[in-house]
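*Asks:*
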Amino acid sequence: MSAVGKKGRDGTTSSALRAAGVRVSYGDRTVLDGLELDITSGTVTAVVGPNGSGKSTLLKTLARLLRSAEGTVFLDGTAITSLPTAAVARRLAVLPQGPTAPGGLTVGELVEQGRYPHTGPLRMLRMQDHEAIRTALTLTDMTAYAARPLDSLSGGERQRAWIALALAQDTPTLLLDEPTTFLDIGHQLEVLELIRRLNRERGLTIVLVLHDLNQAARYAERLVVLDRGRIVADGVPRDVLTTALLAEVFGVRTHILADPESGAPLCLPYGVVGHD
Ligand SMILES: Nc1ncnc2c1ncn2[C@@H]1O[C@H](COP(=O)(O)OP(=O)(O)O)[C@@H](O)[C@H]1O
Ligand SMILES: [Mg+2]
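Numbering-wise (my numbering), the sequence shown opens with residue 30 and increments by one.
Set out below in structure tokens:
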């Protein structure tokens with residue numbers, strides 16, 4: 030995997046992904062309007078927000094799975110719409126929320142697809158492709174499941190197979206939409222630790238949607254809070270997770286403590302705004 034540092038040798042930061050004035054609609058319903066977001070190379074950013082706030086729409090737009098009606102997404106400084114599909118797929122992998130695959134597909138066959146952007150038109154796998162598949166299966170603890178059909182797996186195992194697909198793509202940027210959904214707490218932490226390792230050891234740029242604010246605060250250096258399609262807070266977890274923001278955006282009354290493990294802010298919701 031390519032090593033993209035947080036800062037280049039000259040101490041400057043570079044942009045891995047940038048949304049500039051992006052507007053995205055479904056039919057006549059506009060979800061994102063004039064959205065601005067710049068993701069620095071080599072960082073971990075968590076996108077949080079209530080259901081329906083536009084998190085998945087934002088991630089899909091950054092990954093070019095959705096086209097913006099206005100504005101531009103830049104991938105490594107180039108307008109993403111001007112890049113060939115395979116070139117995008119070599120630079121950016123995305124795990125969509127609730128992905129589906131054709132029936133009967135095995136874990137190994139799914140993960141193999143992550144290599145197609147790297148292979149030629151005949152899709153012949155070379156040594157480095159097999160190596161990337163092996164690594165992706167090992168990192169997600171899925172090696173023993175390679176021959177199993179996806180539809181025979183538990184929700185958590187299936188989720189890890191999809192993460193393995195994204196990892197096999199071996200891209201410098203990874204977008205993950207709720208990668209911990211369906212996972213038990215042990216596997217949630219395994220995935221989050223893996224994300225941290227990919228970032229620290231291999232310099233990957235990671236943007237992930239998380240529901241658990243405390244996990245977001247612990248594993249991401251930057252939180253972007255979406256509410257009704259607008260970014261209402263953006264910064265380090267300590268600055269973003271305030272009682273006022275949680276009341277305003279999530280409608281909950283919260284104590285903010287310090288995570289005894291990491292010092293990150295820890296939210297303890299105790300009620301709903303408007304109810305005593
Ligand atoms: N394919 C679609 N067609 C119409 N509306 C959609 C579609 N996908 C999402 N939406 C709407 O767009 C808004 C944002 O959805 P989404 O980005 O999925 O939010 P989140 O991921 O934060 O829950 C919601 O109101 C949702 O109902
Ligand atoms: Mg979503």
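By construction, the Cβ of each residue, glycine as well, lies at the ideal position given by its N, Cα and C atoms.
#1: Just to confirm, is the Cβ distance from Leu88 to Val53 under 8 Å?
#2: Would you kindly check if the distance between the Cβ of Glu160 and the Cβ of Tyr174 is under 8 Å?
#3: Got a sec: does ligand 2 put a non-hydrogen atom nearer than 7 Å to the Cβ of Asp206?
#4: Could you check if Val238 belongs to the surroundings of ligand 2, using beta carbon to heavy atom distance under 7 Å?
#5: Go through its chain and collect everything with a Cβ distance to Gly106's Cβ below 7 Å, but skip five positions before and after it.
#6: Say yes only if the C-beta of Gly127 is nearer than 7 Å to one or more non-hydrogen atoms of ligand 1, and no if none qualify.
#7: Specify, as a first and last residue, the run of the beta strand (DSSP E) that Ile109 falls within.
#8: Throw me the rounded Cβ distance for the Ala197 and Ile224 pair, which I believe falls under 8 Å.
#9: Are the beta-carbon atoms belonging to Val140 and Leu194 less than 8 Å from one another?
#10: As a quick exercise: from Val220, Gly81, Gly78 and Pro113, pick the residue whose alpha carbon is nearest that of Arg93.
#11: Thinking just about the alpha-carbon of each residue, which of Leu168, Pro146 and Thr169 is nearest to the one in Asp158?
#12: Smallest Cα separation from Tyr299: which of Gly56, His284, Ala249 and Thr164?
#13: Write down the C-beta distance between Leu237 and Leu275 rounded to the nearest angstrom, noting that I regard them as a contact closer than 8 Å.
#14: Run through DSSP, which three-state label would Ser44 get?
#15: For Lys84, verify whether its CB is less than 7 Å away from any heavy atom of ligand 2.
#16: Less than 8 Å between the CB atoms is what I'm expecting for Leu270 and Pro289, so what's the real figure, rounded?
#17: Among the candidates Thr69, Ile109 and Thr59, whose CA atom is the shortest distance from the CA of Ala233?
#18: Counting Cβ pairs, one atom from each stretch, are 3 or more of them under 8 Å apart for the stretch 66 to 81 and the stretch 243 to 254?
#19: Could you tell me which of Asp268, Val281, Leu104 and Leu182 sits nearest to Gly292, measuring between CA atoms?
#20: Between which two residues does the beta strand (DSSP E) carrying Pro298 extend?
*Replies:* Let me lay it out:
#1: no
#2: no
#3: yes
#4: yes
#5: Ser44
#6: no
#7: It is not in any beta strand (DSSP E) - Ile109 carries neither H nor E in the DSSP assignment.
#8: 16 Å between Cβ atoms; not a contact.
#9: yes
#10: Pro113
#11: Pro146
#12: His284
#13: So it is not a contact: roughly 20 Å between Cβ atoms.
#14: strand
#15: yes
#16: Rounded, the Cβ-Cβ distance is 16 Å, inconsistent with contact.
#17: Checking the displayed sequence, the identity of residue 233 turns out to be Leu instead of Ala. Nearest option by C-alpha distance: Thr69.
#18: yes
#19: Asp268
#20: Pro294 to Val301
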